[in-house]
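Heads up, the thing below is written out as structure tokens.
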Amino acid sequence: MLLTTIFAGLASFLPEALAGYFLGKGMDKFLNSDTYLKDELQDVIQETITEYAEADARNYGRKLPFYHSVGILEGLLKFRVMSPGDYDISLLLLAMENEPDIVLPTAVELDTFYSLFMNKIAQSESLRKLEIKEGYSQEVYNVSQMIRELTARIDNLAQLYTGDLEVQWKDRVDTYVKTLQDFKPATALKLLESLENSLQTSSKRPEPPFMAFLEFQKGQCLGFLGRTNDMHKAKLKAYGMQPSNILYAQSAAICLYRMKDTAELNKVIAEIFALEAYNPVGWAIKTLTVAAQDFNRSFEAVPIFVRNDITFRRVLYNEADQELEATLEDDNLLPSCLNYQEKELTIDGYNEAIFWINAALKEIFRVYFVNYYENNQVHRAEMTKLNVMLSRLLEKVSGSELAGNFERMEFLLIFTQFSLSGDQQKAEELEAFYQRMSDKQEIFAIQTANALQLSSLEERAINVLESKPELSPEALLLLLFTYQKKDDMSGYCGASKRFAKSIQVFENKYLILYLNLIVELSLHGQIGNFVKEDFLADKTFGNAEDEKMVNAVVALIFGDRDLKANTYLEHVALTSDDAVLVDLLGSVFFAAEVYESALNILARNLEGKSAGRTLYQYIHAHSKTGKDYKELLSLLENWRLNLPFSSQFCRLEAQLRQELVEWKTVAEIGRYYLENIPEDSAMLASYVHALHLLNNAESILEISRVPERAKLVEFRRPEELISVCQILFLHGMQQEAFELLYPQALYPNAIKVRGAYTNLVLQRNDVLPFFIEYDVVERGHFVKYVREGITHYTELDDQALSHPVYKLFLGKAKDEAITVPRKLVNIIDTFTIKRIMNKYLALFDEILNQSKEDPHAGLPFTTLDFNEFGPDGFIGMMQSMFGERNQITKQTSDAQFNAYYDGSLSLSELVSIQYDQNYVLGYYSLVRYHKGISTVKQHAFNQHTLSEDNRIVIDYSSLLMLYQISLFHQYDFKQKFILSRYIAERIKFELSTIQYKADRFGAAGPDLGRTAINDNSFDFLKDQETYLQGLIAWIDQHCEVELSDNTIEFIKKAGVTVGENEVLDAAMSTFLLVTDNDNRVLVTDDSFSIRMSLLPLNRLVSMEHYLKSMHTLKTTVLDELVRNRYIRYSPTAGQLDVEYVKKIAGQYSHYSLIIEGLSLVNSRINLDTAIKHMKDIALKPVLTNEQVVAALSVVFVNILKECTSTVVELVGQKTYLDFALLGGRQDDVALAFEDARQIIFGIHNYES
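Here the sequence shown stands for residues 24 to 1271, numbered as in my numbering.
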């Protein structure tokens, strides 16, 4: 009756919480009221507790059963009825921990309690309608596991057995517990043995369960101390003393399994399952007892919730043999260390902590690779967990009495710290610990060496590896990589030979590594240190395919052009699905310099490739093959914009962009490159050159910052320094230019720099005060003096003034002499001061003196003393020096102009030779100072009809004429012309040259002294800057400026260097633009393309032919061809008449020029023009008959020159008939024809 009252009281507290849960879930719809629900639940709970207690025969001693605790009962019931996720099981654990005087239920007891409770629910008409999950094996298992772990703790276990002990013994057990919890099993064992001896002699011995407890604890201590056999005996003895204890039964099962006592083991397993059907240790051992081939079937038979239990997996892993351990790893049966929950490490959880560490190691290193290039971060999360586990464990075991050596774990702890931080200090700490290790396994050497080389401590990494007498292929790979990184090619080759020799049985796993080594040796230029046998001798291949491939690769790398072997490799590379092998074979062909094949192979897996060897080699192969430079530039640009900095690729792209005169991009590349390598002088020169040619506000601002950049640079080539300084000088930074040149120009053998320095001195702005000559010598001045006829220079700095002679210079003036007697002889030296200067002027003076004293030094000038040549002075000196050279030069020049006008030299060639490649200057010099522009005979183009579909490409000759037409006639060309970017950029360069006061456009050179034609319409050329600005604006409006996609390929094949000859660049690039598309036609009056046979005649037309084909063109536009004196131009009758009228009026006239173009050989249409012009002449009343006959004779001579006699006669007859209506003038034309025929046949001997 008392128990019933107690249980009724307990039951009254519980329904409230459960009812609240059901009401919250809306399960009260089946019930009459909330009160009814609570009443029903109270009755069920009270009945369950009462019936369970009446049947409970367990002896609890001084403690109480679990059903006497409201908190534990509430937790158990909530856990049973609530849905997963609605109840936090940690609350139940907390309730159990807080009531140490309560004996927790076993799994069997808990199952019985839950079964009774659910039967009561089912018997209630109302409660059976509640939604309570049917199965509860999982709940029983989870709670059982929690109870098992709780009761297995040494402190709880001790309390369970010491309740009835005397105080002195209980205190000694408490001391033991505290000692073991401090990880001191040896001391704890002594305490147990001492207690056991005391009990043996005591008259009042404890009950057997306590003695079993002591025996089991001895087994625990022995296990921690590594005394395995003694541990087995103790634990089996404990089990024998109390077989109903599940903890002892579990330990006994493990001991018997290790001892291979199958018969006894089966009995214990049966006992375990009788006590607890879902015991994880029992299931683990049972699973392990089956034959290896039956393991999977046995594993599948384990209940799923047991299978997922950490204890089950720990025992399975710990007790599995090597073969089964591999199976567990392959099947991912180990838990992920990411599921590890951080908690305080105690002696009770020691084995579990070790298990989690092992699981983490397996998880990390199952697919871990030693990354030579960066700290491996593939398993960073797992490495973080491992670091925490190791830190907690080593903190606890430090100074403990646990058996075993923890140095591996200490090494791993430092290794994880380095892996997570990449800190060099941790790498050095790892090295120091490795050197102290008693067991220097190779894996530890590899990890240590890799950490060191990742921290740029290559020499120390090499020492770690080389200290081992033998190395595996894996260690040798790291060693040769480190030698390579250290740029120690001798060590690299030595390690490579050791690696090749170490592989005697050639497994397939080595194939890629092996081939890659051969490729790397070739790429680094070291293959010459090897012979083929180094890679082929003493090898046993696992399969024939590997052997065939290795032999083929070795043959190709060593230069054996075995067509069959190469075909085989290329076939594999183009058909294999193995991306790594494909890329490697691409590298093989690349290393063997078979770039065409390399390009095709590397392209297979290029998509999505980031920075790496494949893309790197693909770009280089592209460059080497000289194909599709458009794609190459796209690849280079993508690398520059999106991938890590590559100096090599930046230089390559900059070079190609310069060849395409893409100065904006060249400047961008230079800016980016110099941010990474600010000391590169070649790139600085390229960058500054591009900025100068861009010539906009932004680029000019950047040039103003160049002096600061240049201070960081040590110029490797004088040309680079000179180029930068000349541009700075042009942009007004004269002092900065001299400051850069000055240190290099100090050396007498720096001839180019000294020449540039002198040239800039001669061009300098005298307003600038940095070339100074002084009157009196002071400290810091530079003094030029003469002693014994020899000129010397010295700087009077502190060091010089410490010399007694130089100290005498102070205060002296120019031309003053200082006498100094020698000490040991009766000789007086005289020092005469010639000049007192600052450093810049002193250097200039010294260079002039060098040129005077050594005329053959190579300086591009000489200094002369005119007084030496007597009264004739300068003129006499020049004659004595150059003699008749000027006359020879003039004769050569005239021959070149004659060659141009007779058609054996093209306009481009003449401009290149005579006008320093300045086309604008050359073109207008020919117009104004020579005979004009020589053109191709028009009959070459007469069969060519231009259509609306034709795109017109123009060159220099047509560009200048078209712009002139726009200037004087404001003609709006409907279609845009195509112009080479080389031409457009060259014109911009000419403009910038004029803007920066380096006038080239007006330097007529060979034309000086010639008389210009009397035509003030060329006054537009006087303002050169305005002319070129207008020309550039016209190009922007009327032209599509471009280069052919084939430009770079052509340049490479032709061996041309862009920029060496601007005229050739323009002609070449224009030719390529024409050939880019079949509908393109070049308008030109330059015979270069015809002379060089670059283009067929049907792709060329003259400016005259083009203009005359434009029906909408005003005829006055053609006057520009006359103005510019186009030789062989076929004039119109109107133009002939206008010029003839000027001539007879005594005005300046182009009549003589254009009448020469009125040739029937030049163009058939000229005959009609000539007849009309002759009629115009005949009808002029101001002319006498004699004047008319003479004028008509001139026309006849020009129209019929170079014609056969037959043609001449036919023309005469036709003309005579056409004059039939002009009366007496018909006789005049007959007389004129006869005079012309006499002239023609008197001069020429033509065939009939």
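In this text, a Cβ means the ideal position worked out from N, Cα and C, and glycines have one as well. A quick note: this is a predicted structure, and the numbers were derived from the prediction, not measured.
Distance from the CA atom of Ala-315 to the CA atom of Ala-343, rounded to whole angstroms, is 10 Å. In this structure, DSSP gives Met-860 an extended state, which the three-state scheme calls strand. Leu-1144 sits in a helix when the DSSP states are folded into three classes.
With contact defined as three or more Cβ pairs closer than 8 Å, the segment 970–984 and the segment 1103–1112 are in contact. Per the coordinates, the alpha-carbon of Gln-204 lies some 15 Å from the alpha-carbon of Ala-376. Met-756 is not a Cβ neighbour of Phe-805, given a cutoff of 8 Å. Gly-242 is classed as buried because its beta carbon has at least 16 other beta carbons within 10 Å across all chains shown. Its chain contains Val-684 as the residues whose beta carbon lies nearer than 6 Å to that of Glu-1008, once the 5 sequence neighbours on both sides are disregarded; these appear in chain order. Restricting attention to Asn-142, Arg-81, Val-126, the CA atom closest to the CA of Thr-71 is found in Asn-142. Gln-476 is positioned such that its CB atom lies closer than 8 Å to that of Thr-505. For Glu-465, the uninterrupted alpha helix (DSSP H) segment begins and ends at 465–477.
Between the segment 1219–1238 and the segment 1255–1265, the count of C-beta pairs closer than 8 Å reaches three or more; the two stretches touch. Distances from the alpha-carbon of Thr-915 to those of Leu-933, Leu-604, Asp-1160 put Leu-933 closest. Rounded to the nearest whole angstrom, the CA to CA distance from Gln-146 to Asn-341 is 47 Å. Between Tyr-301 and Pro-266 the beta-carbon gap is near 19 Å, outside 8 Å, which marks them as no contact. With 16 or more other CB atoms across the displayed protein chains lying within 10 angstroms of its CB, Leu-534 is buried. If you draw a straight line from the Cα of Ser-927 to the Cα of Asp-939, it is about 20 Å long.
According to the DSSP assignment, Phe-1000 belongs to the beta strand (DSSP E) that extends over 1000–1003. Inclusion of Val-605 and Val-542 in the CB contact set at 8 Å is not warranted, their separation being larger than that value. Considering only Cys-1062, Ile-1058, Thr-1093, the residue with the shortest C-alpha distance to Ile-1074 is Thr-1093. DSSP places Val-711 within a helical segment (H, G or I) once states are collapsed to three. Around the C-beta of Gly-1169, fewer than 16 other C-beta atoms lie within 10 Å, and the residue is accordingly described as exposed. Leu-656 places its beta carbon less than 8 Å from that of Glu-676. Counting along the chain, His-815 sits inside the beta strand (DSSP E) bounded by residues 813–818. Membership of Phe-805 in the beta strand (DSSP E) is indicated by the continuous run 805–810. When the beta-carbon positions are compared, Phe-441 and Ala-450 come within less than 8 Å of each other. For Ala-383, the enclosing alpha helix (DSSP H) stretches over residues 373–388. In the structure shown, the three-state DSSP call for Ile-526 is coil. Distance from the Cα of Gly-1246 is smallest, within the candidate group Ala-1201, Gly-514, Val-959, Leu-248, for Ala-1201.
A straight-line Cα-Cα distance of about 9 Å links Asp-1191 and Thr-1238. Counting every other CB atom within 10 Å of its CB across the protein chains shown gives Ala-567 a total below 16, marking it as exposed. Look at Ala-578 here: in three-state DSSP terms it is helix. By alpha-carbon distance to Thr-334, the top candidate from Ser-670, Leu-488, Gly-305, Met-1133 is Gly-305. The segment 589–647 is shown to contain whole alpha helix (DSSP H) runs of 4 or more residues at 602–614, 618–625, in chain order. Within the segment 306–350, the runs of alpha helix (DSSP H) at least 4 residues long that lie entirely inside it are, in chain order, 318–323, 327–330, 333–342.
Apart from sequence neighbours up to five positions away, the residues of its chain that approach Glu-365 with a beta-carbon distance below 7 Å are Val-411, ordered along the chain.
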